Structures are given as structure tokens and as C-alpha cells.
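**Student:** Line by line, the protein sequences give chains P and W.
To get the working numbering, take the position in the first sequence, counting from 1, and add 21.
To get the working numbering, take the position in the second sequence, counting from 1, and add 3.
The beta carbon of each residue, even a glycine, is placed where N, CA and C say it ideally should be.
Since the model is a prediction, treat every value here as computed from it, not as a measurement.
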Amino acid sequence: MEFLSYLISGVSLGSVYAIIALGYTMVYGIAKMLNFAHGDVIMVGGYVSLMAMTGLGLPWWLAVVLAMLACTVLGVVIEGLAYKPLRAAPSLAVLITAIGVSYFLQNSALLIWGANPKAYTPIISGAVKLFDGKLSISYVSILTVVMCLVIMVALTLFTGKTRMGKAMRACSEDKAAAQLMGINVNRTISMTFAIGSALAAIAGVLLCSSYTSLMPTTGSMPGIKAFTAAVFGGIGSIPGALLGGILLGIIESMAKAYISTQLANSIVFAVLIIMLLVRPAGLLGKYVPEKV
Amino acid sequence: MKKLKKTTAIDFVTYAGVILAFVVITVLKDQGMLTRSLKGQLVPICCYIVMAISLNLTVGVLGELSLGHAGFMSVGAFSGVVAAMGLQSAIPSEPLRLAIALVVGALFAAMAGAIVGVPVLRLRGDYLAIVTLAFGEIIKELINCLIVGVDSQGLHLIFNATGTKGVNDLGLLEGGKVLIKGAQGATGTQTIASFTAGFILIMVSLVVVLNLVRSRSGRAIMALRDNRIAAESVGINVTKYKLMAFVTSAALAGAAGALYGLNFSNLVATKFDFNTSILVLVFVVLGGLGNIWGSILAATVLTILPEALRGFDDYRMLIYAVVLILVMLATNNPQLKALLAKLIPHSRKGEEVNA
């Protein structure tokens, strides 16, 4: 029974990682950049929803919508101001800019909301009790897993069936060829950032609901873990992000329960390293051999 | 007199510049013309300069992005602190103990570099970056679990993986000392680091890195960066040269870490986290990849900048972030680049090839 409850908390944590990783992986697939500011967009989403709920007294679903809107705008503005001028620049320059944006968001949050952690009331409280109360699953966990699956299905349909989705796949394969086919590459990239940031807002709300506290650095570690999850599953692949995120969540939860709380992150990273040595492109990633 | 090669001339100017800066700062310090906060920063600046020089070897010369450089600094810092404090009674001379600590730090970090490097260097690009990041985090957590003490019988070491052990489990004899207390880090360290030692360390790393880069091995490393497949096909041993650059870089970072660790009486492992790795990477990229004097300049300016912005108080990190973004945008702006090329003819030649 204990094992089952650790497994469930692992899947729930993993679903949050998966939602964040989906944002990472989409942006990486198209713009080929590590968007280090993604974790901080999550944090902004958390704060906006908190302000909407406690400050404006809005119901939680409206707060989530508001957070998604705010993060979408933020994502598109960041992309337009900081990343777009660097399309042709070396990837390291873009990476450093992303780090600059990350610092900027964290310190803006520090100025606006202060350094002290704020209490975050979970958007839904309560839990389902199973097996005579031996196993309790919180509604937040259930919501997280359901949300993750819904998002995953929606994204798969979106990238597979719609015109915009096709444009995204074309851009991620070959930007120049996509442009020649009449695809507006810049608009497609902006769109990807918008979707990724909206997902980050949802992830922020779910993350804060399970951690029940929020501070300007809340987003960094989950951001790094989610990136690890994206690499684990094969970066650029949507089902890979889901698989990587959930596996990572389970490994972390099990390591905390049965091995060592202090070393939980190390165990997660060690598994990643071993996995990458066996499958250099991740679980579901395509391995492209170099040609001369 | 025979005319010097251009690269040799640049190297000599770099050495001369560092020596000149050292002399000027020492004179200013003796005259009491430095503010207290600046004086306190002299040793950290030296450490960051060495970190930047060593990371430049991995990122700029070898061309592999490393996001876990602070991990090696951490290994160096804690092994250096243990060495310096453990030998406190055996070797009374402070400079000698400092030198031993730096060498020990460099050796341990080099070992860590070899352990990390063998699997990591098989990967490429962003995958390599994420694995170095992972190793940096692992090193941080492992050191967080370490409890080390010393007494007349020698070193005592326990690994506190479950969080249940404490300093009492070391079983120290009377008169023994706890050096590293797990998550609380190294406490009560005797601060024996000095600005002169920092200067010497910078000069040593400059000699090591510049001579490596201009040697046959250095050319092999740069060939790997520019085109791995072509380099391999002319018989360059990929693993050997990649490891050579990576381990040298780790060793220098370890020495810098040891100096850093011995500059503060308290030091926690979380100081050397992902953000520190990123900080050093920012020095390297802003200074210019493969450009050693650029790294030195960037490390100095960017360490002083947040302090200089103290007047802006809460806004200083925000300003730092904005400056970082603007500099990246400006240096990669095609119009600005073209303008610069017009203003300074021939100075930017060959840059396009590297980019």
C-alpha cells in the first residue's frame, strides 16, 4: 500500500514535469535553443494565479485562464524582444540571453512579490480514500494526471492535424525549406513560444498546488528537472516528453522513499546519465548518424 | 630583432597586463586607496578569473558546452579545505600549506574531471551540456552528505546518505576537529588565501592554458572543435585530446576552488550550484570564446559590477540581467558588426570562420 501511494505521488509529480517538458521540447524542436527562462515563466504563472485568487477573489478556473493569458503574452514578448534578433547568432549567445531573461524574471518577481515564500492554497482540496482509508489520493494529483493526459492528446492532435501544427513540424525539420513553401517561420516560432508558455502557466498552478508555497526561485529546479525529462524521453519528441517526465517523477519519488531524501536528485540525474550513455538520443528520440 | 608571431604577441601582452594590474592594485591597497568591499573581493575575483580561463579551455578551445564547471570548483574547494586544515599542526607555514591545498584541490578535481569526462565526452552538443549539468548537481549533493573530521589519528570520514548521522558518529578523539559538517559545509576554516596567491594562480593557469593552446596538442584540440570528423580522419585521437582539455580545465577549476574555499571561514556546497556554473559561462561567452584575455576582463568587470551597483540596491541584479541581454543583442547585431568592421579594418578578420 505504501508502495502504491509513492507510485501515485511519483506519477503526479511526473505529470507536472511532463507538462513543463512539453513546453521545453516544443521550443527546442523548432528554435533549437535551450530556453532556460521556461522555469521562470512557470513561477510567473504561479504568482499571477495566486494574485488572481487572493487579490481579486476570482474562482480558480478563471485564475488559471488569466495566468495562461499572462504567460502567453510574456512568452511571446520575451521571444520577440530577446530571442528573435538572435536567430542567426551562435547558439551559445542565445543560451546566455535565455539565462539573462531568466535572471530578469526572477529578480522582477523578487521586486514585485518579495523574497519570502507565499502560501499557495491548492486549487482543489480534499482526497479520495481507497481501501478503507489506507490509500488516499488528493484531488490535485488526479487533476494533474488528467490535465497532463488531456494536454498531451491535444498537442498530438494539434501538431498532427492542423495547418499550424504541420507548419511547426516543417519548421523543426528544415527552416529554409519551410520558408520556401510559404510558411511564415517567425510567426510559427512565436506561436510555439505562446503554446509553451501557456502550458508553463498550467504547470505553475499545478506545481504550486502540490507544493503549497511559492517564491521567486520556485521555477528553477523544476525547470531543470523538466529539461532533464525532455532529454530523457528524447528531446523534440512529444510522447517522449510525457514518458520522460512521468518516469523521472516515479524515480524521484521512489528514491526519496526508499533510498535517500538528500540524494534523490542525484539518483535522478545518475539514471539520466546512464540512459544517455546507452541511448544517446533519449528513449524515443531519433538518432541521426553524422554524414560526411 | 625577429618579429613576434601575432598570437605570441597577444600572449605576452596578456601576461604583462595581469602583472601590471597586480602591481597597480597592490600599490593602491598598500596606500589604503581601495574600499573595504573591493578589498574583500580581490581573492574571489582571482578565483573567478581562473575559473573563466579554465572553462574557456572547455567551451572556447575544445568547443564543448559545460554547465557543471562549479562542480569541479566544489571538489577543489572542499578537498583543499580538508588538506589545509588537516595539515594545520604538521605544517605551520601558511603559504606552504596554501600551496599544498591548491595542489590537492587541483588533483582531486582532475580525478573528478577524468571520472566525469570518460563517459560525458562520448556525447555531443546539448546532450553533453545536460550531462555536465547533471554531474554538477550530483557532486553538489554528494558533498552535502559528507562529514569529515580530523584528530591525532588522521582523517575521519563518513557519508551521511540517509541524513541520520551526525558529527558525533565520527568518533573523534579529544582535541579532534570537525572540518566539514554535511549540509552546513566547512566551518571554522582558517582563511589563509591571499591576493598574492591568487595572482600566482592566475599566472600559472595562463602559462598552462596558453602553452597548451599554442602546442601541437592544442592544435589537435582546436581541430576537433572545428571539424571532429576531419580531425579524426587525419589520425587525431579524439578521446585523448578531449580528455586532456577537459581534465586540465577541471584541475585549474579545482585549484581556483581551493583558493576560494580558504578565503572564507564558512563554506557550503550549495554555493557551487548551477548558478555559479552559469555565472562563469557568462564570463567566458562575454569575454569571447577562445579569447583568454577577454575571459580575464569579463570575469573582473562582471564580478565588480554587481558590487558597483550596490547603490541601486534591490535593482542591481535586475540591471545585471538587462545589461547581459543587451550586450548579447548588441554583440550579435549584424548592423553593428558591419559598422565595427568598417571602423576597425582587419581587426575582425577570421572571426567569421570561427562563428
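What does S234(P) pair with, by DSSP beta-bridge criteria?
**Tutor:** Locating residue 234(P) in the first sequence gives position 213, where the first residue counts as 1. Partner(s): A140(P).
**Student:** Closer than 7 Å, Cβ to Cβ, to anything on chain W: give me those residues from the region 275–293 of chain P, in chain order.
**Tutor:** Those would be S281, T282, Q283, L284, N286, S287, F290, A291, L293, in chain order.
**Student:** Are L305(W) and S57(W) touching if we call contact CB-CB under 8 Å?
**Tutor:** To locate residue 305(W), count along the second sequence from 1; it is residue 302. To locate residue 57(W), count along the second sequence from 1; it is residue 54. No.
**Student:** Using the three-state DSSP reduction, which class does F81(W) fall into: helix, strand or coil?
**Tutor:** Counting from 1 along the second sequence, the entry for residue 81(W) is found at position 78. Helix at F81(W).
**Student:** Just curious, the alpha helix (DSSP H) that D14(W) is in, first and last residue?
**Tutor:** Taking the second sequence and counting its residues from 1, the one referred to as residue 14(W) is at position 11. D14(W) -> alpha helix (DSSP H) spans 9–33.
**Student:** Going straight from the alpha carbon of H72(W) to that of G78(P), what length do you get?
**Tutor:** Against the second sequence, residue 72(W) aligns to sequence position 69. Against the first sequence, residue 78(P) aligns to sequence position 57. Answer to the nearest angstrom: the Cα atoms are 46 Å apart.
**Student:** Whose C-beta lies closer than 8 Å to the C-beta of I94(W) among residues of the same chain, with five residues either side of it excluded?
**Tutor:** In the second sequence, residue 94(W) corresponds to position 91, counting from 1. Hits under 8 Å: R100, I103.
**Student:** For N59(W), count neighbouring Cβ atoms within 10 angstroms of its own Cβ and tell me buried if that reaches 16, exposed if not.
**Tutor:** Along the second sequence, one-based indexing puts residue 59(W) at 56. The residue in question, N59(W), is buried, as its Cβ has 16 or more Cβ neighbours within 10 Å.
**Student:** So, under 8 Å CB-CB, L298(P) and P122(W) are touching, yes? Tell me the CB distance rounded to an integer number of Å.
**Tutor:** The residue given as residue 298(P) occupies position 277 in the first sequence. The residue given as residue 122(W) occupies position 119 in the second sequence. At roughly 5 Å, the Cβ-Cβ gap stays under 8 Å, so L298(P) and P122(W) are in contact.
**Student:** Given V119(W), which residues of its chain have a CB within under 7 Å of its CB, disregarding the five upstream and five downstream residues?
**Tutor:** Numbered from 1 along the second sequence, position 116 holds the residue referred to as residue 119(W). Once the five neighbours on either side are set aside, the close Cβ partners of V119(W) are F138.
**Student:** For chain P, is any of its Cβ atoms less than 8 Å away from the one on C148(W)?
**Tutor:** Taking the first residue of the second sequence as position 1, residue 148(W) is located at position 145. With 8 Å as the cut-off, C148(W) counts as an interface residue toward chain P.
**Student:** Counting beta carbon pairs with one atom in the region 136–145 of chain P and one in the region 205–216 of chain P, are three or more of them shorter than 8 Å?
**Tutor:** Cβ pair count under 8 Å is below three, so no.
**Student:** Given a limit of 9 Å on CB to CB distance, which residues of the region 50–69 of chain P reach chain W?
**Tutor:** So the list reads K53, L55, F57, given in the order they occur along the chain.
**Student:** On the CB-based measure, 16 or more other CB atoms within 10 Å of its CB, does Q127(P) come out buried or exposed?
**Tutor:** By one-based count along the first sequence, residue 127(P) stands at place 106. The residue in question, Q127(P), is buried, as its Cβ has 16 or more Cβ neighbours within 10 Å.
**Student:** What residues from chain W crowd round N128(P), counting only those whose CB sits closer than 7 Å?
**Tutor:** As a first step, residue 128(P) is located in the first sequence; it is residue number 107 there, counting from the start. Under the 7 Å cutoff, chain W gives M320, L321, A324.
**Student:** For W134(P), collect the residues of the same chain with a Cβ closer than 6 Å to its Cβ; drop the 5 residues on either side in sequence, then sort them by chain order.
**Tutor:** Here residue 134(P) refers to the residue found at position 113 of the first sequence. Here the set comprises Y68.
**Student:** Which bits of chain P does L332(W) rub up against, with CB to CB less than 8 Å?
**Tutor:** Looking up residue 332(W) in the second sequence gives position 329. Under the 8 Å cutoff, chain P gives A103, P106, L107, T118.
**Student:** Residues of chain P with a CB under 8 Å from the CB of A137(W): which are they?
**Tutor:** Counting from one through the second sequence, the residue named residue 137(W) turns up at place 134. T249, F290, A291, L293, I294, listed in chain order.
**Student:** Expressed to the nearest angstrom, what Euclidean distance is found between the alpha-carbon atoms of T242(W) and L95(P)?
**Tutor:** As a working mapping, residue 242(W) is identified with position 239 in the second sequence. As a working mapping, residue 95(P) is identified with position 74 in the first sequence. Cα to Cα, the separation comes out at about 43 Å.
**Student:** Among A302(W), A87(W), G157(W), S155(W), which one has its Cα closest to the Cα of G191(W)?
**Tutor:** What you label residue 191(W) is simply residue 188 of the second sequence in a count that begins at 1. Among A302(W), A87(W), G157(W), S155(W), the Cα nearest to that of G191(W) belongs to A87(W).
**Student:** Go through its chain and collect everything with a Cβ distance to A223(W)'s Cβ below 6 Å, but skip five positions before and after it.
**Tutor:** Here residue 223(W) is taken as the residue at index 220 of the second sequence, counted from 1. Excluding residues within five positions, the ones whose Cβ falls inside 6 Å are I239, Y244.
**Student:** Starting from D153(P), trace the beta strand (DSSP E) in both directions and tell me its first and last residue.
**Tutor:** Numbered from its first residue, the first sequence carries residue 153(P) at position 132. Looking at the DSSP string, D153(P) is not in any beta strand (DSSP E), and its letter there is neither H nor E.
**Student:** Pairing CB atoms from the region 216–228 of chain P with CB atoms from the region 38–47 of chain P, are three or more of them under 8 Å?
**Tutor:** Short answer: they touch.
**Student:** Tell me, which residues are paired with A148(P) by DSSP?
**Tutor:** Against the first sequence, residue 148(P) aligns to sequence position 127. In DSSP, A148(P) forms a bridge with S159(P).
**Student:** Listing by chain order, which chain P residues have their CB less than 7 Å from the CB of E235(W)?
**Tutor:** Here residue 235(W) is taken as the residue at index 232 of the second sequence, counted from 1. Residues of chain P passing the Cβ test: none, with the nearest at roughly 10 Å.
**Student:** Between the alpha carbons of A117(W) and K246(P), how many angstroms are there, rounded?
**Tutor:** Numbered from 1 along the second sequence, position 114 holds the residue referred to as residue 117(W). Numbered from 1 along the first sequence, position 225 holds the residue referred to as residue 246(P). Answer to the nearest angstrom: the Cα atoms are 25 Å apart.
**Student:** What's the call for I63(P), buried or exposed, on a 16-neighbour Cβ count within 10 Å?
**Tutor:** Within the first sequence, residue 63(P) is the residue found at index 42, counting from 1. Buried is the call here.
**Student:** What I want to know is whether the C-beta of M74(P) ends up closer than 7 Å to one or more non-hydrogen atoms of the ligand FAD.
**Tutor:** Of the ligands one can find in the structure shown there are none, so the ligand FAD has no counterpart to examine.
**Student:** How many angstroms separate the CA atom of I214(W) from the CA atom of G293(W)?
**Tutor:** Taking the first residue of the second sequence as position 1, residue 214(W) is located at position 211. Taking the first residue of the second sequence as position 1, residue 293(W) is located at position 290. As written in the sequence, residue 214(W) is Asn, which differs from the Ile given in the question. Those two C-alpha atoms are separated by around 13 Å.
**Student:** How close, in whole Å, do the beta carbons of A115(W) and I141(W) come, if the pair is a contact with beta carbons under 8 Å?
**Tutor:** The residue you call residue 115(W) lines up with position 112 of the second sequence. The residue you call residue 141(W) lines up with position 138 of the second sequence. At roughly 10 Å, the Cβ-Cβ gap does not stay under 8 Å, so A115(W) and I141(W) are not in contact.
**Student:** State buried or exposed for M22(P), treating a residue as buried only when at least 16 other CB atoms are found within 10 Å of its CB.
**Tutor:** Translated into positions along the first sequence, residue 22(P) becomes position 1. M22(P) should be labelled exposed.
**Student:** For G157(W), which three-state DSSP category applies?
**Tutor:** As a first step, residue 157(W) is located in the second sequence; it is residue number 154 there, counting from the start. Correct three-state label for G157(W): strand.
**Student:** Give the list of continuous alpha helix (DSSP H) stretches no shorter than 4 residues that lie fully inside the region 52–111 of chain P.
**Tutor:** List check, alpha helix (DSSP H) in window: 59–71, 81–99.
**Student:** Report the CB separation of I295(W) from T17(W) in whole angstroms; it is logged as a contact under 8 Å.
**Tutor:** Mapped onto the second sequence, residue 295(W) falls at position 292. Mapped onto the second sequence, residue 17(W) falls at position 14. Rounded, the Cβ-Cβ distance is 6 Å, consistent with contact.
**Student:** Helix, strand or coil: how does DSSP classify V237(W) here?
**Tutor:** As a position in the second sequence, residue 237(W) is number 234, starting the count at 1. The answer is coil: DSSP assigns V237(W) none of H, G, I, E or B.
**Student:** T93(P): which of P80(P), F152(P), A103(P), V65(P) sits nearest, CA to CA?
**Tutor:** Working through the first sequence from its first residue, we reach residue 93(P) at position 72. Among P80(P), F152(P), A103(P), V65(P), the Cα nearest to that of T93(P) belongs to V65(P).
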